[in-house]
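So the sequence shown is residues 1 to 74, counted in the UniProt record's numbering.
Heads up, the beta-carbon is just placed ideally off N, CA and C, and yes, glycines get one too.
All values derive from a computational prediction rather than experimental measurement.
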Amino acid sequence: MPIERLPELPGKFAASVKVGPKGQIVIPKGARDLFGINPGDTVLILADVEQGIAILPGGALDQLLAAAFPKDDA
């Protein structure tokens with residue numbers, strides 16, 4: 001699938017990718033490297049009609065849940 005890369009900024013990545021016939025996309029290597037995503041890893045997909053789609057590393061779910069439901073250390 002052709003990937004069009006946008007200008008690089010430290011710690012950031014942007015590219016456009018095409019959706020394949022099965023509805024799949026390829027996460028570009030630069031983005032995978034930046035977020036430590038490896039073959040076989042699970043990613044979290046968040047979607048909102050107004051804000052779009054976000055793809056987060058699988059460990060992000062643990063961080064989101066910990067922030068949403070902090071443990072009481074009392």
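If you draw a straight line from the alpha carbon of M1 to that of D72, how long is it in whole angstroms? With a pLDDT of 49 at M1, under the threshold of 50, the predicted position of this residue should be treated as unreliable, though the coordinate-derived value follows. Cα-Cα distance, rounded: 48 Å.
By the three-class DSSP mapping on this structure, what secondary structure does D41 have? D41: coil per DSSP, three-state reduction.
When DSSP labels each residue in this structure, what does V34 get in the three-state scheme? First, the amino acid is wrong: residue 34 is Leu here, not Val. In the three-state reduction of the DSSP assignment, L34 falls in the helix class, which pools H, G and I.
What are the start and end residues of the beta strand (DSSP E) that includes A15? For A15, the enclosing beta strand (DSSP E) stretches over residues 15–17.
CB of F13 within 8 Å of CB of L34, strictly: Yes, these two residues count as a Cβ contact at 8 Å.
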